[in-house]
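Novice:
In our numbering, the protein residues as written are 959 to 1073.
(1) Excluding sequence positions up to five away, which residues of its chain have a Cβ less than 8 Å from the Cβ of residue 1049?
(2) Going along the chain, which residues of its own chain have a beta-carbon closer than 7 Å to the beta-carbon of residue 1058, five neighbours each way excluded?
(3) Under 8 Å Cβ to Cβ from residue 1033, same chain only, skipping five residues before and after it: list those, please.
(4) Taking the beta carbon of residue 1026 as the centre, do at least 16 other beta carbons fall within 10 Å, making it buried, or is it exposed?
(5) With a threshold of 16 other CB atoms inside 10 Å of the CB of residue 973, please say whether the residue is buried or exposed.
(6) Among 1014, 976 and 1031, whose alpha-carbon lies nearest the alpha-carbon of residue 1004?
(7) Would you decide whether residue 971 is buried or exposed? Buried here means 16 or more other CB atoms lie within 10 Å of its CB.
(8) Just reading off the beta strand (DSSP E) that residue 1041 is part of, what are its end residues?
(9) If you follow the beta strand (DSSP E) that residue 1030 is part of, which residue opens it and which one closes it?
Okay, structure coming up:
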């Protein structure tokens, strides 16, 4: 979750992003000194999940109406990623809980199951 589409100031709108990483190497990814080095992490995919209104898509009277915040992420046994968040892009509803599912995000797992 960040505001890269609006700038990097503290008071910009936030959107939800999904970033897929590939860990190259072995070690615990827990911040410990002996853990996995950040040099062993390769970014595979970086995708906006929430609707990115952009500065021109926001009403002048409600400049923060496009916020997407409080993401929650779960995975299931089929390697699907489930993401829910609070979105304030719908002016008539003020805040909504939105949800999306990313189907089988691991291509190696899809091949091993004949998909």
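Even for Gly, the Cβ is constructed at its ideal location relative to N, Cα and C.
Specialist: According to the structure shown:
(1) Answer for residue 1049: 1017, 1020 and 1023, listed in chain order.
(2) Counting only Cβ-Cβ distances below 7 Å, and skipping sequence neighbours, we find 1007 and 1041.
(3) Excluding positions up to five away in sequence, the list reads 1039 and 1040.
(4) Buried: at least 16 other Cβ atoms inside 10 Å.
(5) Counting the other CB atoms within 10 Å of its CB gives residue 973 a total of 16 or more, which places it among the buried residues.
(6) Closest option to residue 1004, judged by alpha-carbon separation, among 1014, 976 and 1031: 976.
(7) Counting of Cβ neighbours within 10 angstroms places residue 971 among the buried residues, the total reaching 16 or more.
(8) Here the beta strand (DSSP E) through residue 1041 covers 1039–1045.
(9) 1026–1033 is the span of the beta strand (DSSP E), which, as asked, contains residue 1030.
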